[in-house]
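Asker:
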Amino acid sequence: MSEVIHIVMVRDTLDDLPSCSMPDGYSIRTFRRGEGPLWTEIGFAAGNFNSLAEAQDRFAEEFEQPVEDMESRCFFVVHNESGRAVGTAMAWYDPWFVEGEDYGRVHWVAIIPEHQGKGLAKPMMSAVLHRLAESHDKAMLGTQTFRKAAVNLYLDLGFLPYLKNDTCPQAWKDLAAELKHPALTDYLRQDCAAADVSAHADSGVVGSTCPRKSPGA
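Following this note's numbering, the residues of the sequence shown are numbered contiguously, the last one being 637.
1. Could you give the residue range of the alpha helix (DSSP H) that holds Thr460?
2. Name the two residues that bound the continuous beta strand (DSSP E) containing Lys558.
3. Can you find a CB in chain C that lies within less than 8 angstroms of the CB of Pro515?
4. For Cys494, which residues of its own chain have a beta-carbon under 6 angstroms away from its beta-carbon, when the five flanking residues on both sides are left out?
5. So the beta strand (DSSP E) Met442 belongs to, where does it begin and stop?
6. Give the secondary structure of Phe398 by DSSP, where H, G and I count as helix, E and B as strand, and everything else as coil.
7. Who does Val526 pair with in a DSSP beta bridge?
8. So who's on the other strand from Met490, going by DSSP bridges?
9. Within 10 angstroms of its Cβ, does Cys588 collect 16 or more other Cβ (buried), or is it exposed?
10. Only counting the same chain, and skipping five residues up and downstream in sequence, which positions put a Cβ closer than 6 angstroms to that of Leu458?
11. So for Val428, helix, strand or coil by DSSP?
12. What's the call for Gln485, buried or exposed, on a 16-neighbour Cβ count within 10 Å?
13. For the alpha helix (DSSP H) holding Tyr582, just list the boundary residues, first then last.
14. Skipping 5 residues on each side, what residues in its chain have a beta carbon closer than 7 angstroms to that of Asn500?
15. Cβ atoms of Met544 and Val497: under 8 angstroms apart, would you say?
16. Can the beta-carbon of Ile425 be found less than 8 angstroms from the beta-carbon of Thr565?
17. Near His527, what residues of its chain come up, given a Cβ to Cβ distance below 6 angstroms and the 5 sequence neighbours on each side ignored?
18. Can you round the beta-carbon distance between Leu549 and Leu437 to whole angstroms, since I take them to be within the 8 angstroms contact cut?
19. Taking 8 angstroms as the cut-off, decide whether the C-beta atoms of Trp592 and Leu608 are in contact.
20. In angstroms, rounded to a whole number, what distance separates the CA positions of Gly503 and Gly578?
21. Under 8 angstroms between the Cβ atoms of Ala596 and Ile532?
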């Protein structure tokens, strides 16, 4: 899957959230007023933006004004020995995602390369989800199919594909074949079976035309 395909994942309840501690040598805190440059540096270093200027423009457009929201909803992971912030994620909001439903948004997750693979993402996500639970009923996020480690983590944390209005369901089948994550495999199989039942309801025929061994087969 060399093509970059954007996908959406949802967690339909914010009950039973995981509580994960930071590894030794790291801590987590919230955004402080005036730390926009820090956020942009991490986002650019992590590859979320093509240039530092692009990151700065995004921050100015989207996050500079709601400072109180940033102080409550934006998190930094700190390397204690150096005092340097090395990761960030937001427990943001998205009132436009599904009309009439209260989804919070996991937004702009980033860890600088030299601190990736150190077990920081899961506790950072845990902090974000607990903050979302204070203000929202559900959670959503957007990512890309090439970010397989991130998709796997989100599945571990209870997120599942959002298939309504999905323009590329095959992308999820391909991911299921690669990741072999049981939650994703089971979910796609159930969704496929439900769609097949619906398609045959008028004729009274109930069956499945979906592959049973693996959604990616």
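For glycine and all other residues, C-beta sits at the position ideal for the given N, C-alpha and C.
Answerer: Considering the structure as presented:
1. 456 to 465
2. 558 to 564 is the extent of the beta strand (DSSP E) around Lys558.
3. No chain C appears in the structure shown, which is made up of a single protein chain.
4. Phe451, Met510
5. Segment: none, Met442 is in no beta strand (DSSP E) and carries neither H nor E.
6. Residue 398 cannot be examined here, being either before or after the span of the chain that is shown, 421 to 637.
7. Ala511, Leu561
8. None; Met490 has no bridge partner.
9. exposed
10. Ala505
11. The answer is strand: DSSP assigns Val428 an E or B state.
12. exposed
13. Element bounds for Tyr582: n/a, residue is neither H nor E.
14. Same-chain partners within the cutoff: Gly445, Tyr446, Ser447.
15. yes
16. Yes, the pair counts as a contact, with Cβ atoms nearer than the cut-off.
17. Met510, Trp512
18. 5 angstroms
19. yes
20. As the crow flies, the alpha-carbon of Gly503 is around 32 angstroms from that of Gly578.
21. no
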